[in-house]
Amino acid sequence: MKSSIDGVWKSIVNSGSVSQNLVVNVKERMIVKVGLGNKTLFWLDNWVGNRPLRDIFPSLFTLESDKRCTVQQRYRTSQGSTEWFWGSSTPLTREEHLTDWAACKTLLCTAGLGQESDYWLWKSGPTCEEFTVCNLRAELDHINVIPEAKLLTWSHWIPKKVNCFLWRVVQDRIPTREALLTRRVSLPSSTCALCNDTIQSVDHLLVTCDFAQHVWCLIFQWLNITIPRYTLSVVQLLELIKAHKTNKATKRAIETVMAAACWNIWRTRNNLIFNHKAPQIAKIISDIKANSFSWVKSRAGYSNMDWAKWKGFKLTKFKKHFGTLRSIETENGSTGHAKQQNQNNRF
Ligand SMILES: [Zn+2]
């Protein structure tokens with residue numbers, strides 16, 4: 101959209117660009133009503149053919165010398181008819197480019213131009229309407245804002261970098277192949293490196309991928325929790341743990357194991373892509389148990405924990421084996437520490 105666009109639309113677009121929690125996707129909702137084409141970007145705005153011309157004719161876009169040209173800069177009118185012309189300083193010479201440009205011009209003829217300046221409409225359901233703050237406010241009131249964030253709590257049992265990683269996971273902000281492609285990063289493949297089967301989204305990589313399913317199956321066996329077959333996302337996993345009926349210490353231990361599992365699946369994926377290390381189920385299971393053991397032992401104050409016991413026991417017996425945090429700290433003579441450890445700050 102042209103940077104010179106002014107008034108209320110400029111504010112709306114800017115708020116959409118900077119918002120970290122896009123409950124309403126501003127760019128998808130704004131529909132341009134082209135008049136003279138003076139405020140609409142020819143290649144970059146979605147004004148004809150349901151998506152930007154850049155996406156429909158990528159080879160032509162590559163040859164365009166002025167990628168931010170307006171619609172108005174690419175047509176001329178003569179005796180009431182509109183003629184679209186190739187305005188780039190790079191001429192069209194190859195056969196396939198000429199064919200593409202002919203197809204592009206056919207599409208351009210379907211766009212209705214007008215005699216007035218371009219303006220924008222707000223897409224609300226199946227219809228487009230004049231934007232009003234009142235209508236948008238009514239719509240926002242019915243949206244439960246980022247429910248995932250409520251499921252995730254800052255845990256002092258988990259290292260800061262892993263807490264941050266989980267936060268990015270539930271917000272879909274880790275650089276999976278799907279996320280990189282959305283940001284137009286050129287990649288040799290969009291499929292999951294671990295299974296080579298489907299596009300690599302966050303939920304695929306960490307939950308539904310065959311490799312991840314194998315990991316979770318073994319981890320939940322160890323935790324002695326039944327995982328429902330319809331678990332398809334990280335948010336569902338978090339909900340599952342939140343709903344699991346057990347004591348508070350065991351639940352935090354299970355959350356810690358889950359964080360270690362997500363973290364290690366991500367590391368396994370990175371090691372495969374960047375270091376060409378083949379993933380091994382036995383290794384990742386062992387790493388998840390080792391990481392969660394060291395985090396619980398050193399960060400949660402369970403200094404008496406024993407590796408052999410941690411590795412072998414079912415986590416439903418966590419309290420029975422290791423007691424409550426308070427009792428262990430009382431044994432160690434530590435005071436004040438429990439208060440700090442029990443802080444459960446939300447993001
Ligand atoms: Zn996969």
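Its first residue numbered 101, the sequence shown is counted upward by one per residue in the working numbering.
Using N, Cα and C, we set each Cβ at its ideal position, and we do this for glycine too.
Inter-residue CB distance, residue i and residue j (contact presumed, cutoff 8 angstroms)
{"i": "W222", "j": "M130", "result": "7 angstroms"}
{"i": "D303", "j": "V334", "result": "6 angstroms"}
{"i": "L337", "j": "V307", "result": "6 angstroms"}
{"i": "F185", "j": "R174", "result": "7 angstroms"}
{"i": "S224", "j": "E239", "result": "7 angstroms"}
{"i": "W257", "j": "R352", "result": "6 angstroms"}
Reduced DSSP category for residue i - H, G, I as helix; E, B as strand; rest coil
{"i": "E229", "result": "strand"}
{"i": "E448", "result": "This structure cannot speak to residue 448, because the chain is shown only from 101 to 447."}
{"i": "V148", "result": "coil"}
{"i": "S224", "result": "strand"}
{"i": "V132", "result": "strand"}
{"i": "W48", "result": "One cannot answer for residue 48 here, as it falls past the ends of the chain, which runs 101 to 447."}
{"i": "S159", "result": "helix"}
{"i": "W143", "result": "coil"}
{"i": "W186", "result": "coil"}
{"i": "T298", "result": "coil"}
{"i": "F311", "result": "helix"}
Proximal residues to residue i (C-beta, below 6 angstroms), its chain only, five neighbours per side dropped
{"i": "A360", "result": "I388, N391 and S392"}
{"i": "N88", "result": "The structure shown has nothing for residue 88, since the chain only spans 101 to 447."}
{"i": "F231", "result": "W222"}
CB contact flag (residue i, residue j, <8 angstroms)
{"i": "T170", "j": "L141", "result": "yes"}
{"i": "W143", "j": "K167", "result": "yes"}
{"i": "S188", "j": "S217", "result": "no"}
{"i": "I274", "j": "V315", "result": "no"}
{"i": "W363", "j": "V262", "result": "yes"}
{"i": "I385", "j": "L318", "result": "yes"}
{"i": "P379", "j": "F311", "result": "yes"}
{"i": "L213", "j": "L266", "result": "no"}
Residues near residue i in its chain [Cβ-Cβ closer than 7 angstroms; skip 5 each side]
{"i": "L287", "result": "R277, L280 and L281"}
{"i": "L207", "result": "V148 and G149"}
{"i": "R369", "result": "A293, L294 and L305"}
Own chain partners of residue i with C-beta closer than 8 angstroms, once the 5 adjacent residues on each side are dropped
{"i": "S290", "result": "R277, E278, L281, I299 and Q300"}
{"i": "M405", "result": "F393, V396, K397 and F422"}
{"i": "Q215", "result": "G135 and L136"}
Just to confirm the assignment: which complete beta strand (DSSP E) runs, minimum length 3, are found wholly within the segment 330-405? none
Mind pulling the alpha helix (DSSP H) runs of 4 or more residues that sit fully within the segment 242-296? 247-251, 260-270 and 277-282
To test your reading of the DSSP string, which unbroken alpha helix (DSSP H) runs of 4 or more residues are found completely within the segment 188-216? 195-208
Residues around ligand 2, please: the condition is that the C-beta lies closer than 5 angstroms to some non-hydrogen atom of it. Ligand 2 is not part of this structure, which contains only ligand 1.
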